[in-house]
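Asks: Quick one: the structure is below, and I'll ask about it shortly.
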Amino acid sequence: MRHQFELETAKTPEALKRIVIEPVSRVEGHGKVTILLDDDNQVHQVRLHIVEFRGFEKFIEGRPYWEVPVLVQRLCGICPVSHHLAASKAMDMIVNGGILTPTAEKIRRLMHYGQMLQSHALHFFHLSSPDLLFGFDSDVGKRNIVGVAAANPDVAKMGVLLRKFGQEVIRVTSGKRVHGTGSIPGGVNKSLTAEERDYLLKDADQMIAWSRDAVRIIKQLHKSNPALYDVFGDVPTTMVSLVDEKGTLDFYHGSLRARDKDGEVIFDQVSYQGYNTLLTEGVKPWSYMKFPYITTLGEEKGWYKVGPLARVQNCDRIPTPQAEEERAEFVAYGGTKPMHGSLGFHWARMIEMLCAAETIKDLLLDPDIMGTDLMATGPRREEGIGVIEAPRGTLFHHYRVNEDDVVTYANLIVSTTNNNTAMNVAVRDVAKNYLNGHEITEGLLNHIEVAIRCFDPCLSCATHALGKMPLEVTLVNAQGQEIDRMTKDSEGRVAKGAA
Amino acid sequence: MSDPKTFFLDEEEIPFEEGQTIIQAALSAGKFIPHLCYHPEFKPHGSCKLCTVRIDSRTVTTEDGQSVKIPGRAAASCTTPAQEGQHVESEVPEILDLRRTLVQMLLVEGNHYCPSCEKSGKCMLQGLAYDLGVMDPHFPQYFSKREVDASHPDILLDFNRCILCELCVRASAEVDKKNVFALSGRGNTKHLICNSESGKLGDTNMAATDKAADVCPVGVILHKRHGFEVPYGQRRFDIAPISDNPVQYAPVKEQV
Ligand code: SF4
Ligand code: FES
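Just so you know, the sequences run in chain order A and B.
Start counting the first sequence at 1; every next residue gets the next number (the working numbering).
Start counting the second sequence at 1; every next residue gets the next number (the working numbering).
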């Protein structure tokens, strides 16, 4: 039986060679993979390290609460809206017990589904399609979005325009494409004008059609090569996500549900207000990032995954017709058990993108989005917890605010932290199956990165640093001396040889 | 009645009344001169130097026939009386450079994180930075350590953003007759204090309706529980840049 700790710690690390993949390219933020190999290139230890600074919570503490939804957007350059909304939900609890007017809720949903669409499009088309369309060890010079544009101009165009549409939904609801201010504690600061609605509505059907095309692309890849797609980076694990009161997929609000690796419900309709007893944030000596687990199951069995693959398999249905059709096909494809191959994330992600596109259209047709009742009032509270399904998975924001209106406590569990153990297990699975006994090549190392990218780790969320970084692989002997090095710059150019 | 007196601002003739300062005359004529510590309702203070202009530069011809410009004296237009026939330069490269440098120094001296500041879009320091084309802070950030005073039930003070213009000091003393604020310390350690035994705003007699509560040109004195209520595109300096509307430029009470 597979064990999550297998390959986490080598028995005799002193006698092994060390490979460091640092930082992981095409992943925002700072991640690092270290691999210990023996002289026969047998893998003994694999660890994904994500450098997380806990400083951000400290930065929030001491600030007035109304700043927080805007402040926390600085956590992440590619999904700031998720932090904006999770913090707003927590602050709603504080200013009025968590109520919203129908207009405010729908504007926030529109913003969030716009974010889901743009983030999923970015991930699939810009970051992952090069690997999927050309192969994991294809020519590294072509394995990027420019290569995709040259080989499949229609696919690249779809990606660019889907993302742009999502960004426009965000701009119209929050005032700016990045780091807007639309959501404020207790409501929103604007609704839509008829012109704004019509401006978005004119493209909505095209976005739905393209999203469906994207689902078809990834579905086809699975069906044409199940031996790779269905099992690569296999992580059979518990899945956690929000679902609404009927068990339907909902990205903005709901209660927590967990299913085990076989699809059996572990818990359901658990209020996220109790997240901090439900989950424990485990620590390991070799990583700054926490390893959360379901408290009652313990550290060894309680780890889980979040994000598209968890959400699409956790829910009973998707509320929009086309995405629901695709979900049913996805579930049928998996057979009686859920799918846990990491590449399944992409398929699930595209189904979610389709759901987002359909939902955006529905919301645009709802007259409430042009309403004028933007703010709700209610009794003040001291504590607020806001949870949202961010593009990368469940995101927790928790604050306490004193009677002087200042934040005295902040705790955040970002999606990538939730997936920390699962990503480590996926990386180990791939290292064992693809690297063992082989000479290390760029293509083989890219397999490791492909596995990480499936989870779409927003490392910048976790590290609070921005920017794509080139790849650096260092081979170190048992004495810690560097004996070989491989670097890849952000253009995909590879250089080999010790520094 | 005699013709009104005039002076020249960047070669344009500006009328003035006896006793008016250069900035007063310029603003009433619809000509913008950047300023931070000046406010039409209060005695000029002359501390921020943003309003610096150059007065009566001369051109002389040297023995070999070359024209050489002798720069006039630099002066704060908020404290300098207008004078008949004076030639005042404001929108000239050297003066604009000086103003940019002053803004940059203010930006690094405090902790100005515009995106999460409620005053963003209506802050005069930010508005001037945009207007002057300040693209970066240029100087290394000071990272001064300052606290927030949240002790008052309705008003929050975020000292991180104080530019020591003393408008609140003047408003509290002259209009509210309360003396809630004062500056203390010198040079580097100069900072705003509240006049109460504890030093806390909550222990002063300040009220949210005081003039001092709505006079701060930056984001120090804030009405609690209000933030980001005006969407992007509708904030004061989204609608028109700071220099477009000189008459309404002085801080006004926000509609909340
Ligand atoms: S608090 Fe505002 S008004 Fe008072 S001195 Fe500081 S910047 Fe000027
Ligand atoms: S406005 Fe004249 S010195 Fe400040």
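Where is the CB? At the ideal position from N, CA and C, for every residue including glycine.
Just so it is clear, the structure is predicted and the values come from calculations on it, not from any experiment.
#1: Rounded to whole angstroms, what's the CA-CA distance from A:C79 to A:Q115? Just pull it up for me.
#2: Shorter than 7 Å, the distance from the beta carbon of B:L164 to the closest heavy atom of the ligand SF4, or not?
#3: So does B:G46 have its beta carbon nearer than 7 Å to some heavy atom of the ligand MN?
#4: Is B:K49 near the ligand FES, in the sense that its beta carbon is under 7 Å from a heavy atom of that ligand?
#5: Looking at C-alpha atoms only, which residue of A:A310, A:T421, A:D456, A:K202 is the closest neighbour of A:N48?
#6: Would you mind working out which of B:N205, B:A173, B:L96 sits nearest B:S151, comparing C-alpha positions?
#7: Could you tell me which chain A residues have their CB closer than 8 Å to the CB of B:Y232, listed as they occur along the chain?
#8: Enumerate in chain order the residues of its own chain whose CB-to-CB distance from B:M1 is below 6 Å, with the five nearest sequence positions on each side excluded.
#9: How would you list, in chain order, the residues of chain A whose beta-carbon sits under 7 Å from the beta-carbon of B:V218?
#10: What is the C-beta distance between A:A121 and A:G159, in whole angstroms, given that I count them as a contact (C-beta under 8 Å)?
#11: Hey, quick one: how far does the beta strand (DSSP E) through A:F125 stretch, first residue to last?
#12: For the beta strand (DSSP E) containing B:F16, list its first residue and its last residue.
#13: If I measure Cβ to Cβ from B:Y249 and keep anything under 6 Å in the same chain, skipping five residues before and after, which residues do I get?
#14: Is it buried or exposed for A:N189, if we count other Cβ within 10 angstroms and need 16 for buried?
#15: Would the C-beta of B:A123 count as close to the ligand FES, meaning under 7 Å from any of its heavy atoms?
#16: Could you tell me whether any non-hydrogen atom of the ligand SF4 is closer than 7 Å to the CB of B:F181?
#17: According to the Cβ coordinates, are A:T173 and A:M91 closer than 8 Å?
#18: Please name the residue in B:A76, B:I193, B:S57 whose C-alpha comes closest to that of B:Q86.
#19: Just to check, is the beta-carbon of B:C78 closer than 7 Å to a non-hydrogen atom of the ligand FES?
#20: Assess, as a yes-or-no matter, whether the stretch 82–96 of chain B is touched by the stretch 59–70 of chain B under the definition of 3 or more beta carbon pairs within less than 8 Å.
#21: With 8 Å as the threshold, decide whether the Cβ of B:F228 is near any Cβ in chain A.
#22: In chain order, which beta strand (DSSP E) runs of at least 3 residues are fully inside the stretch 324–382 of chain A?
#23: Does chain B have any CB closer than 8 Å to the CB of A:W286?
#24: Answer with yes or no whether the minimum CB distance from B:K49 to chain A is below 8 Å.
#25: Using CA atoms only, rank isn't needed, just tell me which of A:G175, A:P457, A:I385 is closest to A:G274.
#26: To test your reading of the DSSP string, which unbroken beta strand (DSSP E) runs of 3 or more residues are found completely within the stretch 196–282 of chain A?
#27: Enumerate in chain order the residues of its own chain whose CB-to-CB distance from B:D3 is below 6 Å, with the five nearest sequence positions on each side excluded.
#28: Against A:L100, what residues of chain C qualify as contacts under a CB-to-CB distance less than 9 Å, listed in chain order?
#29: For the stretch 189–200 of chain A, which residues have a beta carbon sitting closer than 8 Å to at least one beta carbon of chain B?
#30: So, is the C-beta of A:E264 closer than 8 Å to a C-beta in chain B?
#31: With a CB to CB cut of under 6 Å and the five nearest residues on each side skipped, what residues in its chain are close to A:T101?
#32: Should B:P115 be flagged as near chain A, meaning a C-beta pair shorter than 8 Å?
#33: Is B:F8 helix, strand or coil when you go by DSSP?
#34: In terms of residues, what are the limits of the beta strand (DSSP E) holding B:E89?
#35: What I want to know is whether the C-beta of B:L167 ends up closer than 7 Å to one or more non-hydrogen atoms of the ligand SF4.
#36: Closer than 8 Å, Cβ to Cβ, to anything on chain A: give me those residues from the stretch 124–149 of chain B, in chain order.
Replies: Let's see:
#1: Going from the Cα of A:C79 to the Cα of A:Q115 covers about 7 Å.
#2: At least one heavy atom of the ligand SF4 is nearer than 7 Å to the Cβ of B:L164, so yes.
#3: The ligand MN is absent from the structure shown, which contains only the ligand SF4 and the ligand FES.
#4: Checking every heavy atom of the ligand FES against the Cβ of B:K49, one is found closer than 7 Å.
#5: At residue 48 of chain A the sequence reads Leu, which differs from the Asn that was named. Nearest C-alpha to A:L48: A:T421.
#6: Cα-wise, what sits closest to B:S151 is B:N205.
#7: S174, G175, K176, G180, T181, listed in chain order.
#8: Since pLDDT at B:M1 reaches only 49, below the 50 mark, its modelled position is unreliable, and no value is offered.
#9: Contact of B:V218 with chain A by beta-carbon distance below 7 Å is absent, the smallest such distance being about 15 Å.
#10: 6 Å between Cβ atoms; contact.
#11: Note, A:F125: premise wrong, no beta strand (DSSP E); not H, not E.
#12: For B:F16, the uninterrupted beta strand (DSSP E) run begins and ends at 12–16, by DSSP.
#13: The predicted model places B:Y249 with a pLDDT of 43, which falls under 50 and marks its position as unreliable, so this point remains unresolved.
#14: By the 16-neighbour rule on beta-carbons within 10 angstroms, A:N189 is buried.
#15: Here the sequence assigns Cys to residue 123 of chain B, which means Ala is not the residue at that position. Answer for B:C123: no, Cβ out of range of the ligand FES.
#16: Yes, the beta carbon of B:F181 sits closer than 7 Å to at least one heavy atom of the ligand SF4.
#17: For A:T173 and A:M91, no; Cβs fall outside 8 Å.
#18: Here the closest residue by C-alpha is B:S57.
#19: Correct: B:C78 has its Cβ closer than 7 Å to the ligand FES.
#20: Here the stretch 59–70 of chain B does not lie against the stretch 82–96 of chain B, with fewer than 3 beta-carbon pairs under 8 Å apart.
#21: Yes, contact with chain A.
#22: You should have found no qualifying run.
#23: With 8 Å as the cut-off, A:W286 does not count as an interface residue toward chain B.
#24: Chain A contact via Cβ: absent.
#25: Of A:G175, A:P457, A:I385, the residue nearest in Cα terms is A:I385.
#26: Inside the stretch 196–282 of chain A, DSSP marks whole beta strand (DSSP E) runs of 3 or more residues at positions 238–243, 255–259, 265–270, from first to last along the chain.
#27: Result list for B:D3: empty, nothing under 6 Å.
#28: In the structure shown, chain C does not exist; the protein chains are A and B.
#29: Listed in chain order, the positions of the stretch 189–200 of chain A with a beta carbon within less than 8 Å of a beta carbon of chain B are N189, K190.
#30: For A:E264, the nearest beta carbon of chain B is not closer than 8 Å to its own beta carbon.
#31: Closer than 6 Å at the Cβ level, and outside the excluded window around A:T101, lie D373, A376.
#32: It does: the Cβ of B:P115 has a partner Cβ on chain A nearer than 8 Å.
#33: In the structure shown, B:F8 sits in a strand (DSSP, three-state: E or B).
#34: Per DSSP, B:E89 is one residue of the beta strand (DSSP E) stretching across 87–89.
#35: It does: the Cβ of B:L167 is within 7 Å (strictly closer) of some heavy atom of the ligand SF4.
#36: Within the stretch 124–149 of chain B, the residues whose Cβ lies closer than 8 Å to some Cβ of chain A are E147, V148, listed in chain order.
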